[in-house]
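Participant: Residue numbers for the sequence shown, in full-length UniProt numbering: 1 to 296.
C-beta atoms are modelled at their ideal positions from N, C-alpha and C, and glycine is treated no differently.
The structure displayed is predicted, hence computed values, not measured ones.
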Amino acid sequence: MIKSLLFLSRKGIDSVGIFRKSGVKSRIMCLKEEAEKGTHIDFSDVCVYDIADVTKLWFREITDQNTKKPKQLLTQQIISCFKQNKKELTLCAIPDNQRTVLQIILRFLSLVASHSDANQMNCHNLAICWTPSLCECDGDQQLFDAQKCLEFCIDNCETLFIISVNSYSLSITDTNCPLPHKHEATALVDCGPNDILNRVLYERHLIDPTIVEWSVGEEMSPNSDTFIMRLQSSSFLPIKTVVMERKWRINSLNNIEVIENGFLYESRWSLSAEEGRTRVAHMISLDLRDETNTKY
């Protein structure tokens with residue numbers, strides 16, 4: 001779906017009535033089947049309005065992995081808080097996956113609305129077309145409230161997910177900030193520990209595709225420095241800057257440990273030499289909810 005959003009943002013952004021005009025049902029179903037099979041789709045040969053309809057259909061059919069029921073990105077809780085003027089904290093408190101997908105589609109729709117002089121689809125028109133795909137409504141009043149909420153979200157997507165200083169209780173230097181669950185992984189790599197150490201320290205972008213830019217800020221000692229990396233997991237999401245302090249050590253058995261610490265960021269690499277290869281163990285815990293660079 002990210003590819004379809006990218007295609008629409010490049011080739012369909014000025015199409016009159018995009019998301020309002022319907023595509024051809026038979027072609028839409030064929031596209032949907034190909035997408036579900038993971039088949040490569042050449043969007044250049046597909047009608048823009050067909051792709052637009054498939055995209056709306058995909059968001060409408062998102063299911064909860066646990067309950068297998070349709071998952072509403074724009075929940076009644078969000079709509080209720082919007083009516084009470086409590087938008088900010090609600091959107092930052094929803095589950096990570098839901099917030100990320102919601103933020104991607106809102107930023108995309110905001111981009112479409114910015115071309116409304118050409119496509120005649122402003123925030124209000126887009127909210128009318130997209131509400132059924134993002135929210136389940138019972139009755140005309142709920143539908144109207146959901147449309148107004150979505151219209152507001154599209155129009156304010158750049159600031160909607162930013163936590164203000166006044167509402168954030170922890171300071172930037174607070175070391176007691178709670179971190180989410182640690183993620184751990186282990187792999188055997190056919191090269192020496194020093195080669196992997198060099199990759200982790202100075203070729204980080206080759207193992208983490210979300211890094212769009214990095215730099216070494218200050219070398220505090222031969223085995224420690226500060227590291228700055230800018231992350232972007234999707235072209236529809238803002239770039240986030242993470243600053244960390246790194247320390248590494250090598251013991252007599254040529255085993256290497258790298259420790260990385262930043263605000264709401266902890267990472268540990270363990271590189272153990274084996275016969276002709278290296279056992280790489282990585283543990284990481286981080287929170288990238290906030291969209292402001294100052295926090296990191």
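1) For residue 236, which residues does DSSP report across the bridge?
2) Does the beta-carbon distance from residue 51 to residue 59 come in below 8 Å?
3) Note the first and the last residue of the continuous alpha helix (DSSP H) segment covering residue 144.
4) Can you tell me whether residue 12 sits near the ligand NAP, meaning its C-beta is under 7 Å from at least one heavy atom of the ligand?
5) Nearest by alpha-carbon distance to residue 321: which of 231, 262 and 155 is it?
6) Can you tell me the Cβ-Cβ gap for residue 242 and residue 226, rounded? I've got them flagged as a contact below 8 Å.
7) Given this structure, state the Cα-to-Cα distance separating residue 172 from residue 283, to the nearest angstrom.
8) Does residue 276 pass the burial test, meaning 16 or more other C-beta atoms within 10 Å, or should it be called exposed?
9) For residue 20, which three-state DSSP category applies?
10) Closest by CA to residue 108, which one among 256, 96, 205 and 10?
11) Is residue 72 buried or exposed, if buried means 16 or more other CB atoms sit within 10 Å of its CB?
12) Measure the Cβ-Cβ separation of residue 48 and residue 17 and say whether it is below 8 Å.
Facilitator: Judging by the given coordinates:
1) Its beta-bridge partners do not exist; DSSP assigns none.
2) no
3) 140-155
4) The model depicted lacks the ligand NAP and carries no ligand whatsoever.
5) Within the shown structure, residues of the chain are numbered from 1 to 296, placing residue 321 beyond reach of any answer.
6) In fact, because the Cβ distance is near 11 Å, the residues do not count as touching under 8 Å.
7) Here the model assigns residue 172 a pLDDT of 46, short of 50, so the residue's position is not dependable and the matter cannot be decided.
8) exposed
9) coil
10) 10
11) buried
12) no
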